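Single-structure report; data block below.
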Amino acid sequence: MWYIKVNPRKSIKFQQIIARYGECLMLAEERFGIILELLEKQQTVSISQLCEKLGISEATARRDLTALDRQGRLTKVHGGAVALRETVQSGSDEPDFVTKSKLHIDEKERIARYAAAQVNDDDFVFLDAGTTVIRMVEHLTKSRAAFVTTGITCARRLVEMGLRAYVVGGLLKPGTEAIVGGVALEGLQGYHFTKAFLGANGVTVKEGVTTPDTEEARIKAKAVEQAYMTYVLADSSKFGKAAAVTICPMNKVCIITSRLPDEAYRQHAVIKEVEAGSKSEKTSRPAKPNL
């Protein structure tokens, strides 16, 4: 039988003693297994979550994460860890526009409706060629805002709805009907948007907001640079996945999503979550505008 002897002259709290005792009983490999199981379920985990779940000190939690990071079993980040990225999608693997437009329709519709409500009549808005962004256009009825887009389908729909639209020149990419290339980049340089709305193929803490195509990534990154506020429209399937090219870090944008798979993402970006049947917004910290 084990006994814990407490010296009343010492200032160590009883809870600290119990925590240290628990660390001795649970082997490191046991803790590693639990940590990896948590990451498999929720993609991210914080130091405080590990302390509560495993009954260990912060120092031990950090040591465990460092060890697992060195073993290549997770990625350690400030305040916790994230799962190894689920997929790395290259440009050749990207589905075409028609295929993507048929995926996660209900979620995209809720995101699109919420995004459209963020546009004011005095805004100067950038819209990319993302399928959720195009759905957003359907809810921009009677808007007096001016729109600049690199999406052919998006431009066509804006004009059909009687909205003021400008199309950036450049090379047309057949699969996504997006305009890319050096000419498009030069065209965006002269604009100063109040708001930009972008689609994305993946969102992770480490890689940030990602897309499979290098040319589209450059266009999206330039739009972020030229906009005071950028919104990324990402359904729940995009979280925990990373495509080949980073557009920007998470803290550069506000992410509008249908369902956030893990609350830990709120530590790294402003998240606006639109659930079925309701609209709710939870802000973890202010977005960083591009001044």
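Here the working numbering runs 992 ahead of the position in the sequence shown, where the first position is 1.
Where is the CB? At the ideal position from N, CA and C, for every residue including glycine.
These numbers come from a predicted model, not from an experiment.
The beta carbon of A1226 sits closer than 7 Å to those of A1192, V1195, I1247, T1249, all from its chain and outside the five residues before and after it, given in chain order. Its chain contains A1121, T1142, G1143, I1144, V1159, V1160, G1161, G1162, L1163, L1164, K1165, I1211 as the residues whose beta carbon lies nearer than 8 Å to that of I1171, once the 5 sequence neighbours on both sides are disregarded; these appear in chain order. S1040 counts as exposed, since fewer than 16 other beta carbons sit within 10 angstroms of its beta carbon.
Pairing K1198 with V1216 gives a Cβ-Cβ distance that is not under 9 Å. Take L1252, set aside five residues on each side of it, and the residues of its chain with a beta-carbon closer than 8 Å to its own are S1228, F1231, R1258, I1263, E1265, in chain order.
Per DSSP, S1228 lies in no alpha helix (DSSP H) and is assigned neither H nor E. Taking C-beta atoms as the reference points, E1032 and A1073 fail to come closer than 9 Å. Looking at the DSSP output, T1249 sits in a beta bridge with E1265.
If you draw a straight line from the Cα of A1104 to the Cα of L1019, it comes to about 48 Å.
DSSP, reduced to helix, strand and coil, places T1124 within a helical segment of the structure shown. The Cβ-Cβ distance between E1130 and R1156 does not fall below 9 Å.
Here F1116 is not near F1189, since their CB atoms are 9 Å or more apart. For K1033, the uninterrupted alpha helix (DSSP H) run begins and ends at 1020–1034, by DSSP. Every alpha helix (DSSP H) stretch that sits fully inside the stretch 1157–1186 and reaches 4 residues is listed by chain position as 1174–1181. Around the beta carbon of H1070, a 10 Å sphere encloses fewer than 16 other beta carbons of the protein chains shown; the residue is thus reported as exposed.
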